[in-house]
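Shown next, in structure tokens, is the structure this report addresses.
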Amino acid sequence: MFEKTLLVASPMDIWITKYIAECFPNILFYNRMVDSSELFITSLSEKIKAISPNTVIIASTNVGSENITKKIVKFVKSSFGDSIKLIFITHKTFSCQPDLLVKHIDKGAIKCLDAIVYYSMDVKKRCKQYGFYDKLYFIPLWVKQIGKINEEIGENIVTKTIPLDISEIDICDKGYAFSGGFARRDYNSLINAVNGLPVNLHLETSDRELRRTYKGDLPKNVSYNNRDRSCSAKSFFEQMAESSFVIVPIDRVAKGVPRGLTSLTQSIYMGKPIIINKSIAFDWYVKEGENALLVDYGDVNGYKKAISKMINNKDLFNKLKSGSERIAKKLSAESFTSSLEKLCKKVEND
-15 MFEKTLLVAS
-5 PMDIWITKYI
5 AECFPNILFY
15 NRMVDSSELF
25 ITSLSEKIKA
35 ISPNTVIIAS
45 TNVGSENITK
55 KIVKFVKSSF
65 GDSIKLIFIT
75 HKTFSCQPDL
85 LVKHIDKGAI
95 KCLDAIVYYS
105 MDVKKRCKQY
115 GFYDKLYFIP
125 LWVKQIGKIN
135 EEIGENIVTK
145 TIPLDISEID
155 ICDKGYAFSG
165 GFARRDYNSL
175 INAVNGLPVN
185 LHLETSDREL
195 RRTYKGDLPK
205 NVSYNNRDRS
215 CSAKSFFEQM
225 AESSFVIVPI
235 DRVAKGVPRG
245 LTSLTQSIYM
255 GKPIIINKSI
265 AFDWYVKEGE
275 NALLVDYGDV
285 NGYKKAISKM
295 INNKDLFNKL
305 KSGSERIAKK
315 LSAESFTSSL
325 EKLCKKVEND
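For the sequence shown, the working numbering begins at -15 and goes up steadily by one.
Here it is in structure tokens:
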């Protein structure tokens, strides 16, 4: 599939699953915690000369790898010119905020790119002022989770960092609502909305993120797993997978920036009905009445009404569930690699 393509990535990139890795016969991994940029560029040069790729895909989806990304881009273009096409897959934060992409990668490196993969539908509007509008190519975000898991070894509990693939999690419905995540969540509005409703809410986040907006005692129908203590990413997946529906409440200060995109795509992949905020950032992923109920930012009454519909209107619930299951087919690793293959062919023929 990618015989004449070289994938340059971090082994910790959120979408590098075993399936995707098997599709690329030519991969060069960069670990910024171990490899120096000079030694890596030497390895890159040797790899390119050995396989003569038509296209190099740079997967800078790991935060902190901006400097090496810039060096890779400039090295390839200065050494091989237009004989090699360059595709850049951004970290999802850069995909949402092109001003950060310009700041960290710089305009010179961006001009050398032939295509930039983005995940959020509002990005093109944001990119017009930066001069790379025509380089943008939308591919829905496919993610796995890299996280920590606690493992019992004898009488001790050892915390390990491992890849967790959501395709390996059993999906069922145990009758509760789930909400979680660590970036700009509005847990205050959600907890106030669910208080008194005949539904249990399972919440997983850090204590810092929870207390950033919610200061009081939790209602009896809200259970809370403090990730700071459990250090287990697996519990996040398991609670999401066993929920009836998922709520992704975004803080209004994040308006226009798709915080929660990872949790959203994971929820859809599991076929869960969604409650989330109205935002152009999520337009491809959710549609009102099709797979989600949309709520204004900070609207406690709006959350309350949406949750009540989920638990009282079985026909609507089943419709939303079927909608997420349909979209989930487009969020597979297979779909992701197929879209990348089409993009490679496009840039090579341009």
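Using N, Cα and C, we set each Cβ at its ideal position, and we do this for glycine too.
At least 8 Å separates the beta-carbon of Phe59 from that of Ile94. Between Ile89 and Thr39, the C-beta spacing is not below 8 Å.
Under the three-state reduction of DSSP output, Tyr121 falls in the strand class.
Three or more pairs of CB atoms, one per stretch, sit closer than 8 Å, so the stretch 265 to 276 contacts the stretch 298 to 317. Ile71 has Ile41, Ala99 as its beta-bridge partners, per DSSP. Using a Cβ-Cβ distance cut-off of 8 Å, the stretch 219 to 230 and the stretch 151 to 171 are in contact, since at least three pairs of beta carbons, one from each stretch, lie closer than that value. Contact between Leu97 and Leu70 holds, with the beta-carbon distance rounding to 5 Å and staying under 8 Å.
According to DSSP, residue pairing for Glu188 in a beta bridge involves Gly164, Asn209.
Sequence-distant partners of Ser323 (beyond 5 residues in either direction) whose C-beta falls short of 6 Å from its own C-beta, in its chain, are Ile123. The Cβ atoms of Ile252 and Ile258 sit closer than 8 Å to each other.
With three or more CB-CB distances shorter than 8 Å, the stretch 167 to 182 counts as touching the stretch 287 to 296. DSSP places Ile311 within a helical segment (H, G or I) once states are collapsed to three.
Non-local C-beta neighbours of Gly159 in its own chain, meaning closer than 6 Å and more than five positions away in sequence, comprise Ser228, ordered along the chain.
For Arg196, the three-state secondary structure derived from DSSP is helix. Taking a 10 Å sphere around the C-beta of Ser36, we find fewer than 16 other C-beta atoms and assign the residue as exposed. Shown here for Ile32: not one same chain residue has a beta carbon closer than 6 Å to its own, the five before and five after excluded.
For Asn261, the pairing in a beta bridge is given by DSSP as Val279. For the 8 Å CB-CB criterion, Ser190 and Leu174 do not form a contact. Distances from the CA of Gly307 to each of Gly282, Asp280, Lys256 were compared; the closest alpha carbon is that of Lys256. Spanning the alpha carbons of Cys7 and Leu278 requires a straight line of approximately 37 Å. In its chain, beyond the 5 residues on either side, Asn184 have a beta carbon closer than 6 Å to the beta carbon of Asn205. Here Arg169 carries a strand assignment [DSSP, helix/strand/coil]. Contact between Leu28 and Ile56 holds: CB atoms are separated by about 7 Å, below the 8 Å threshold.
Our two residues, Ala177 and Asn261, have alpha carbons roughly 14 Å apart in a direct line. When the five nearest sequence neighbours on each side are left out, the beta carbons in the same chain lying within less than 6 Å of the beta carbon of Ser207 are those of His186, in order along the chain. Membership of Ile231 in the beta strand (DSSP E) is indicated by the continuous run 229 to 232. Looking from the CA of Tyr117, the closest CA among Leu125, Gly282, Val101 belongs to Val101. Approximately 20 Å separates the beta-carbon atoms of Asp267 and Asp170; this is outside 8 Å, ruling out the contact. In this structure, Val(-8) places its C-beta atom within 8 Å of the C-beta atom of Ile42.
Per DSSP, Leu12 is one residue of the beta strand (DSSP E) stretching across 11 to 13.
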